[in-house]
Each structure stands twice: as C-alpha cells, then as structure tokens.
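Scroll down for the structure; my scribbles are underneath it.
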Amino acid sequence: SQQGEEDPQALSIQEGENATMNCSYKTSINNLQWYRQNSGRGLVHLILIRSNEREKHSGRLRVTLDTSKKSSSLLITASRAADTASYFCVTSGSRLTFGEGTQLTVNP
Amino acid sequence: EAQVTQNPRYLITVTGKKLTVTCSQNMNHEYMSWYRQDPGLGLRQIYYSMNVEVTDKGDVPEGYKVSRKEKRNFPLILESPSPNQTSLYFCASSLEWLGFGLEQYFGPGTRLTVT
Chain Z
1 SQQGEEDPQA LSIQEGENAT MNCSYKTSIN NLQWYRQNSG RGLVHLILIR SNEREKHSGR
61 LRVTLDTSKK SSSLLITASR AADTASYFCV TSGSRLTFGE GTQLTVNP
Chain H
1001 EAQVTQNPRY LITVTGKKLT VTCSQNMNHE YMSWYRQDPG LGLRQIYYSM NVEVTDKGDV
1061 PEGYKVSRKE KRNFPLILES PSPNQTSLYF CASSLEWLGF GLEQYFGPGT RLTVT
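Protein sequence lines, in the order shown, are assigned to chains Z and H.
Just so we're aligned: 13 in my numbering is position 13 of the first sequence, and the numbers increase by one with no gaps anywhere.
For my numbering, add 1000 to where a residue sits in the second sequence, where the first one is 1.
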C-alpha cells in the first residue's frame, strides 16, 4: 500500500506558534499532496510537491519531501485559529492514497 | 464559480431502499472519484473514472455502482444500502489522470445514514 501516514494524530498549539506535521509512505511516488479539511466538510488542496522537488513554499506553508526516507513534512508558520482543521497527505503513484490525517487545533 | 456539487447533502434511509447520490463538476475535468470517510479509517476510494464511459474500482467498491455517461456527472448508486454504508461521502474531480494524480477538487460531502 502507498498509504500516507500522518504524525502526530493530533496537535494542539497556541496562536502564533508554528505547526509541523509529518507524513510517511511506503512505496515510490510521483508526487505528494497536502489537503486541509474543516470539520465535516470537503477537502481543500493546499500544495503539491513532485518527487524531484525537495522543498516548496506557499504563503505560510512550507513542505519538504525526502524520497530517500519516504517522508514529507508540512510546516504552518505563525498559526491562526482559522488553521484549526485536519490535514491529510496524499501520495500519488499508480493510485491515490490518503492517510488518516493530523487534527490540528490552534488555540486563540 | 468552479466547483463540485453533490446532492443530497444529508440523507437518512432504510436498509434495502435504492438511492443515488449525484455529483457534478463544471471544470471540464476528466478524472472523477468517490470516497467515503469513516472515523479511524480515513478516506477510502470507492470508484473512480478517468473519462466518459471509463470507470474502475477503488479500494472499497462492494455495494456501490457508478456510471459516467457525461463528462460532468458521476453519480454513486447504492442498489441495496446496508447500515455499514453509513458514512460521509465525497466526490472529487481533477483535470486528468497522468498515470498519477493531480490536485483534486472536492465536493461538500453527503452524510448518509442507513438504518
């Protein structure tokens, strides 16, 4: 299975702090994507990093990819209460596979 | 506005009563997919379609049917729903499938309860 597995399962921080979430996977991939899901709602695409890229930025988001370790991290800087959501990594090879997500809570 | 729509958003039904959840996208996307989301199990793919008249099974297709007669629509059919199909369902689409996935656009979800 190419399932991405996020770590930690839950993370609680204060507004203004940085949040780091990790994703590990088992087989080779073409790209890795991160999505956000607000409670009970549809997923929203955040960022896609290709297998030949090591780091990518988008606003307050920074994603790294280490294909030798089969892992990725998502860093959200200067977090806000509105960042409270579940975050999923999605690996893409011959199939798309979702992890179970990290539940991030940002306390005001 | 570019979007994926699903209907109904909420549905409570009884075991064995056939139902259809509709999904429509207005982005001319080739790839469409259905997922179910359950606590502790994450999102699992039910069926996907790479283009019109091309559908294939995902990870959990049992008890579901799909069709793709038009590019914009991808309905999910439960011929004889059972309580274990109680779940939150998402439809998603992306521009195309290149042998690997691209950014997906998700619908708002359909919460189905089968009693």
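C-beta: ideal position from N, C-alpha, C; glycine also.
All of these numbers come straight from a predicted model, not from anything done at the bench.
Among the candidates the options, whose CA atom is the shortest distance from the CA of residue i?
{"i": "K1065/H", "options": "E1103/H, I1046/H and D1038/H", "result": "I1046/H"}
{"i": "R62/Z", "options": "K70/Z, G93/Z, L46/Z and S68/Z", "result": "L46/Z"}
{"i": "F88/Z", "options": "S68/Z, S73/Z, S28/Z and E53/Z", "result": "S73/Z"}
{"i": "Q33/Z", "options": "P1061/H, E1103/H and R1111/H", "result": "E1103/H"}
{"i": "P1081/H", "options": "V1052/H, L1019/H, R1036/H and L1098/H", "result": "L1019/H"}
{"i": "Q37/Z", "options": "T105/Z, S86/Z and K69/Z", "result": "S86/Z"}
{"i": "S1049/H", "options": "T1110/H, S1093/H and G1109/H", "result": "S1093/H"}
{"i": "H1029/H", "options": "Q1085/H, S1087/H and C1091/H", "result": "C1091/H"}
{"i": "S68/Z", "options": "M21/Z, Y35/Z, S28/Z and Q14/Z", "result": "S28/Z"}
{"i": "L1088/H", "options": "S1024/H, Q1003/H, N1007/H and D1038/H", "result": "D1038/H"}
{"i": "T1086/H", "options": "L1011/H, G1101/H and E1079/H", "result": "L1011/H"}
{"i": "G16/Z", "options": "I76/Z, E6/Z, N22/Z and N31/Z", "result": "I76/Z"}
{"i": "T1055/H", "options": "L1076/H, T1022/H and P1008/H", "result": "L1076/H"}
{"i": "C23/Z", "options": "T84/Z, L104/Z and S71/Z", "result": "S71/Z"}
{"i": "G1107/H", "options": "P1083/H, G1040/H, T1115/H and R1072/H", "result": "R1072/H"}
How far does the beta strand (DSSP E) with residue i in it extend, from its first residue to its last?
{"i": "I1059/H", "result": "Checking the displayed sequence, the identity of residue 1059/H turns out to be Asp instead of Ile. Element bounds for D1059/H: n/a, residue is neither H nor E."}
{"i": "T1013/H", "result": "Y1010 to T1013"}
{"i": "L111/Z", "result": "What is shown of chain Z runs 1 to 108, which leaves residue 111/Z out entirely."}
{"i": "W34/Z", "result": "N31 to Q37"}
{"i": "L1112/H", "result": "T1110 to V1114"}
{"i": "N107/Z", "result": "T102 to N107"}
{"i": "F98/Z", "result": "L96 to F98"}
By the three-class DSSP mapping on this structure, what secondary structure does residue i have?
{"i": "Q1003/H", "result": "coil"}
{"i": "N1084/H", "result": "helix"}
{"i": "A19/Z", "result": "strand"}
{"i": "A81/Z", "result": "helix"}
{"i": "L74/Z", "result": "strand"}
{"i": "Q1037/H", "result": "strand"}
{"i": "Q2/Z", "result": "Confidence at Q2/Z is low in this model, with a pLDDT of 43, below 50, so its placement is unreliable and the value that follows should be read with caution. Q2/Z falls in the coil class under three-state DSSP."}
{"i": "Q1025/H", "result": "strand"}
{"i": "G1042/H", "result": "strand"}
{"i": "S1067/H", "result": "coil"}
{"i": "K69/Z", "result": "coil"}
{"i": "Q9/Z", "result": "coil"}
{"i": "S28/Z", "result": "coil"}
{"i": "V1052/H", "result": "coil"}
{"i": "E55/Z", "result": "strand"}
{"i": "F1090/H", "result": "strand"}
{"i": "L1102/H", "result": "coil"}
{"i": "R62/Z", "result": "strand"}
{"i": "L1076/H", "result": "strand"}
{"i": "V1095/H", "result": "It is Leu, not Val, that sits at residue 1095/H in the sequence shown. Here L1095/H sits in coil by DSSP."}
Within 8 Å of chain Z by C-beta, residues of the region 1081–1095 of chain H in sequence order: Going along the region 1081–1095 of chain H in chain order, one finds L1088, F1090 and A1092 with a Cβ nearer than 8 Å to chain Z.
Interface positions of the region 1041–1059 of chain H facing chain Z (Cβ-Cβ less than 9 Å), listed along the chain: The residues in question are L1041, G1042, L1043, R1044, Q1045, Y1048, G1058 and D1059.
Chain H contacts from the region 40–67 of chain Z (Cβ-Cβ distance under 8 Å): The region 40–67 of chain Z vs chain H, Cβ under 8 Å: G40, R41, G42, L43, V44, H45 and L48.
Within 9 Å of chain H by C-beta, residues of the region 28–40 of chain Z in sequence order: For the region 28–40 of chain Z, which is checked against every Cβ of chain H, the residues closer than 9 Å are I29, N30, N31, Q33, Y35, Q37 and G40.
Contact residues within the region 1006–1021 of chain H, judged by C-beta distance below 7 Å to chain Z: Among the residues of the region 1006–1021 of chain H, none has a Cβ less than 7 Å away from any Cβ of chain Z.
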